[in-house]
Amino acid sequence: MKTQILSLFATSALLAAGNASAADIDVKITNLTQGIYFTPLLVTAHSNDAMLYKLGEAASPELQAMAEGGSLDGLVAMVNGIGADTMANPAGGLLAPAMSTMTNLMTADGNTQLSIVGMMLPTNDGFVGLNSWSIPSEVGTYTIYLNAYDAGTEANNELVKNGSGAPGELGIPASPGVAPGENGTGVTTSEENKMIHVHRGNLGDDNASGGSSDLHNTVHRWLNPVAKVTVTVK
Amino acid sequence: MRLSKILIPAACLALVACGDDDNDKMTVEPPVVTPPTTMTYEFMVTAVNLTQAQPMSPLGSALHTSGQFWQIGEMASEPLEVLAESGDNSGLLALDVVNASTSSDAVLMPGQKVELMLTSEMLEGQKLSLISMMVNTNDGFTGLNAIDVSSMSVGDMQYYKTFAYDAGTEANSEAPGTIPGPADGGEGFNSAREEINKVAMHPGIVGQDDGLNTSVLTSLHKFDNPLLAVTVTRVK
């Protein structure tokens, strides 16, 4: 008990001095959607001169690999390279619709920004994202709602195809949950906006054995926000 | 505050004792009436329906110190299922945790505004919830989920925009006969539950114009977040 009080004092003294000090934060992430899964999430606290992505700019190859196939390898190597405090895959796999996962980060001095990304399944290159949110220095609980973004790296053809998670391989690599349709002809073959943008949503159709999309329009759509993040600064 | 509360019962007892005596004593001297010092706290909730063509079932609002009308990822309670499928808020407002409640008496049409008043004799720990069904959906609802009003001072206002939720109790078939609103005039509550059976955010309606051929809904009935603009004011 005493040591806790002491450490609190120490923290506030640092804050008062305006330092970008270490923090102990709990991060709870809730998938708010009814039918979309999140692939393993990357939760990382990093310095304010780094970003995992920027809206309106092209995705890095590492972000593309995450958005098209759910792979965090490239992004983890990047954030490790800049000394970020990172938790990869807190849910231990997919985060199912309406489910939550919780993790804790002990952040080092200077790692003042919180970022979170994960691919949305089934989409071609959709991801949920929190971009460099400034971790408050004041103890408390903070709520952030996240939108769905499109990496701009792949056409949203909405066709489920094994092995299409590799960057540049057209298709949706997997569709967990309600079984997808098949034999769709493809919603589109081009991606007009190649920059990272707010996802326009899945279209889907009502034809499980044909139509343009392999997705179902009553199951695989969403409205923003798609995730709720609750950060507790201790 | 605490002190006055303790005093009230004592004062009441004294008055009752007088009244129970014979009539003569009634005239002797009017007791120096300390007016009932019970504090009342009053909140005004106004809500505007921001949608194109989703009438909102009569809005129910409640004050409570514990519990939530819904939780993402949890199964809907039966009163919530009834609200979300039929628009009837009476079950939710009658829950044990509710210590003050009110409901508008009419459907809130798109573009219209409604005003609700809530009165309570307690402020400490009070949370405010608001709930309504989008009646041209299978089981869609919106509202405020246990927002803290206990630290509001008189005149304070809080502003909210509400999201669309799906009770997860009835599949979003949009099929004829399944939607109670004017777009269909179909069935309201049905105790059968769809497979999902968890509250989540609403994926929106599809409609026949957007590829669901069997839907009774059209592009008119589409909505996006937010659905209601809400102001909570402590007026007393």
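As they're listed, the protein sequences go chains U and R.
Under the working numbering, the first residue of the first sequence is numbered 3, with each subsequent residue one higher.
Under the working numbering, the first residue of the second sequence is numbered 471, with each subsequent residue one higher.
All residues carry an ideal CB built from backbone N, CA and C; glycine is no exception.
In this text the structure is predicted, and so the values were computed from the model without any measurement.
Might you give, ordered along the chain, the residues of its own chain that have their beta carbon closer than 6 Å to the beta carbon of residue i, omitting 5 neighbours on each side?
{"i": "residue 567(R)", "result": "534, 536 and 537"}
{"i": "residue 555(R)", "result": "609, 640, 658 and 659"}
{"i": "residue 213(U)", "result": "186 and 207"}
{"i": "residue 561(R)", "result": "549 and 552"}
{"i": "residue 674(R)", "result": "none"}
{"i": "residue 57(U)", "result": "198"}
{"i": "residue 642(R)", "result": "608"}
{"i": "residue 666(R)", "result": "638"}
{"i": "residue 233(U)", "result": "27, 29 and 144"}
{"i": "residue 693(R)", "result": "521 and 524"}
{"i": "residue 474(R)", "result": "Caution is warranted here: a pLDDT of 39 is assigned to residue 474(R), below 50, making its placement in the model unreliable, and the coordinate value is therefore given only provisionally. Only 507 meet the Cβ criterion."}
{"i": "residue 221(U)", "result": "37 and 180"}
{"i": "residue 163(U)", "result": "173"}
{"i": "residue 684(R)", "result": "645"}
{"i": "residue 230(U)", "result": "32, 34 and 147"}
{"i": "residue 128(U)", "result": "122, 150, 152 and 201"}
{"i": "residue 188(U)", "result": "159 and 161"}
In terms of alpha-carbon separation, which member of the options lies closest to residue i?
{"i": "residue 147(U)", "options": "59(U), 30(U) and 167(U)", "result": "30(U)"}
{"i": "residue 113(U)", "options": "134(U), 105(U) and 124(U)", "result": "134(U)"}
{"i": "residue 699(R)", "options": "612(R), 530(R), 672(R) and 632(R)", "result": "632(R)"}
{"i": "residue 579(R)", "options": "546(R), 545(R) and 528(R)", "result": "528(R)"}
{"i": "residue 199(U)", "options": "38(U), 139(U) and 61(U)", "result": "61(U)"}
{"i": "residue 41(U)", "options": "145(U), 182(U), 79(U) and 175(U)", "result": "175(U)"}
{"i": "residue 625(R)", "options": "695(R), 508(R), 564(R) and 513(R)", "result": "513(R)"}
{"i": "residue 121(U)", "options": "205(U), 98(U) and 190(U)", "result": "98(U)"}
{"i": "residue 594(R)", "options": "685(R), 539(R), 622(R) and 679(R)", "result": "622(R)"}
{"i": "residue 617(R)", "options": "597(R), 611(R), 508(R) and 636(R)", "result": "597(R)"}
{"i": "residue 91(U)", "options": "83(U), 106(U) and 85(U)", "result": "106(U)"}
{"i": "residue 69(U)", "options": "49(U), 44(U), 126(U) and 79(U)", "result": "126(U)"}
{"i": "residue 211(U)", "options": "188(U), 195(U), 184(U) and 193(U)", "result": "184(U)"}
{"i": "residue 611(R)", "options": "565(R), 679(R), 540(R) and 619(R)", "result": "540(R)"}
{"i": "residue 78(U)", "options": "153(U), 177(U), 53(U) and 171(U)", "result": "53(U)"}
{"i": "residue 661(R)", "options": "547(R), 687(R) and 636(R)", "result": "547(R)"}
{"i": "residue 239(U)", "options": "152(U), 171(U) and 189(U)", "result": "With chain U covering only 3 through 236, there is no way to say anything about residue 239(U)."}
{"i": "residue 225(U)", "options": "636(R), 687(R) and 685(R)", "result": "636(R)"}
{"i": "residue 83(U)", "options": "48(U), 103(U) and 181(U)", "result": "48(U)"}
{"i": "residue 677(R)", "options": "695(R), 653(R), 563(R) and 697(R)", "result": "653(R)"}
{"i": "residue 86(U)", "options": "50(U), 191(U), 193(U) and 159(U)", "result": "50(U)"}
{"i": "residue 614(R)", "options": "558(R), 697(R), 502(R) and 545(R)", "result": "697(R)"}
{"i": "residue 157(U)", "options": "39(U), 192(U), 55(U) and 59(U)", "result": "192(U)"}
{"i": "residue 96(U)", "options": "119(U), 142(U) and 236(U)", "result": "119(U)"}
{"i": "residue 240(U)", "options": "557(R), 543(R), 572(R) and 564(R)", "result": "Past the boundaries of the shown model lies residue 240(U); chain U is included only from 3 to 236, so the question cannot be answered."}
{"i": "residue 132(U)", "options": "182(U), 55(U) and 25(U)", "result": "55(U)"}
{"i": "residue 39(U)", "options": "93(U), 74(U) and 108(U)", "result": "93(U)"}
{"i": "residue 704(R)", "options": "564(R), 563(R) and 620(R)", "result": "620(R)"}
Which residues in the same chain as residue i place their Cβ atom closer than 7 Å to its Cβ, once the five residues preceding and following it in sequence are excluded?
{"i": "residue 651(R)", "result": "525, 605 and 606"}
{"i": "residue 582(R)", "result": "519"}
{"i": "residue 227(U)", "result": "34, 147, 148 and 149"}
{"i": "residue 656(R)", "result": "646, 647, 648, 649 and 650"}
{"i": "residue 701(R)", "result": "516, 627 and 629"}
{"i": "residue 223(U)", "result": "203, 204 and 206"}
{"i": "residue 572(R)", "result": "531, 586, 587 and 588"}
Since I believe residue j is in contact with residue i (beta carbons under 8 Å), could you give me their beta-carbon distance rounded to a whole number of angstroms?
{"i": "residue 208(U)", "j": "residue 161(U)", "result": "At roughly 16 Å, the Cβ-Cβ gap does not stay under 8 Å, so residue 208(U) and residue 161(U) are not in contact."}
{"i": "residue 681(R)", "j": "residue 219(U)", "result": "5 Å"}
{"i": "residue 523(R)", "j": "residue 672(R)", "result": "Not confirmed; about 15 Å, so no contact."}
{"i": "residue 46(U)", "j": "residue 117(U)", "result": "5 Å"}
{"i": "residue 574(R)", "j": "residue 586(R)", "result": "6 Å"}
{"i": "residue 88(U)", "j": "residue 123(U)", "result": "Contact doesn't hold; Cβ gap of about 22 Å is too wide."}
{"i": "residue 532(R)", "j": "residue 576(R)", "result": "19 Å between Cβ atoms; not a contact."}
{"i": "residue 644(R)", "j": "residue 686(R)", "result": "6 Å"}
{"i": "residue 81(U)", "j": "residue 141(U)", "result": "Incorrect: roughly 25 Å between the Cβ atoms, too far for contact."}
Using a Cβ-Cβ cutoff of less than 8 Å, which residues in the same chain neighbour residue i once the five nearest sequence positions on both sides are dropped?
{"i": "residue 510(R)", "result": "589, 590, 591 and 706"}
{"i": "residue 169(U)", "result": "63, 66, 67, 70, 71 and 155"}
{"i": "residue 545(R)", "result": "638, 667, 668 and 669"}
{"i": "residue 679(R)", "result": "688 and 689"}
{"i": "residue 471(R)", "result": "For residue 471(R), the pLDDT reaches just 35, beneath the cut-off of 50, and the residue's location in the model is therefore unreliable, although a value from the coordinates is still provided. Cβ within range, chain order: 509."}
Measuring only from the beta carbon, is residue i closer than 6 Å to any heavy atom that is part of the ligand ADP?
{"i": "residue 574(R)", "result": "With respect to small molecules bound, the structure shown includes none, and the ligand ADP cannot be examined in it."}
- [ ] Check each residue of the region 24–47 of chain U: if its Cβ is closer than 9 Å to any Cβ of chain R, include it; give the result in chain order.
- [x] 32, 33, 34, 35, 36, 37 and 38
Open item on the list: At a CB distance below 8 Å, what residues from the region 92–121 of chain U approach chain R? Give them in sequence order.
Closed with: 99, 100, 101 and 102
- [ ] Pull out every residue of the region 655–683 of chain R whose Cβ sits closer than 8 Å to any Cβ of chain U, in chain order.
- [x] 666, 668, 669, 670, 671, 672, 673, 674, 676, 680, 681, 682 and 683
- [ ] Could you please tell me which residues of the region 212–236 of chain U, in chain order, have their CB closer than 7 Å to any CB of chain R?
- [x] 219, 220, 223, 224, 225 and 226
Task: Whole alpha helix (DSSP H) elements within the region 569–611 of chain R, 4-residue minimum - done: none
- [ ] With 9 Å as the limit, tell me which residues of the region 682–696 of chain R have their beta carbon closer than that to any beta carbon of chain U; keep them in chain order.
- [x] 682, 683, 684, 685, 693, 694 and 695
Open item on the list: Tell me which residues of the region 538–549 of chain R have at least one Cβ-Cβ distance to chain U shorter than 8 Å, keeping chain order.
Closed with: 542 and 543
- [ ] Check distances from the C-beta atoms of the region 140–160 of chain U to those of chain R and list, in chain order, the residues that come in under 7 Å.
- [x] none
Task: Near-chain U residues of the region 595–612 of chain R (beta-carbon distance less than 9 Å), N- to C-terminal order - done: none
Open item on the list: Any C-beta of chain U within less than 8 Å: which residues of the region 626–649 of chain R qualify?
Closed with: 633, 634, 636, 638, 641, 642, 643 and 644
Open item on the list: Suppose only complete runs of 3+ residues qualify. What are the beta strand (DSSP E) ranges in the region 629–697 of chain R, listed by chain order?
Closed with: 634–636
Task: Runs of alpha helix (DSSP H) lying entirely within the region 65–112 of chain U, each at least 4 residues, in chain order - done: 75–83
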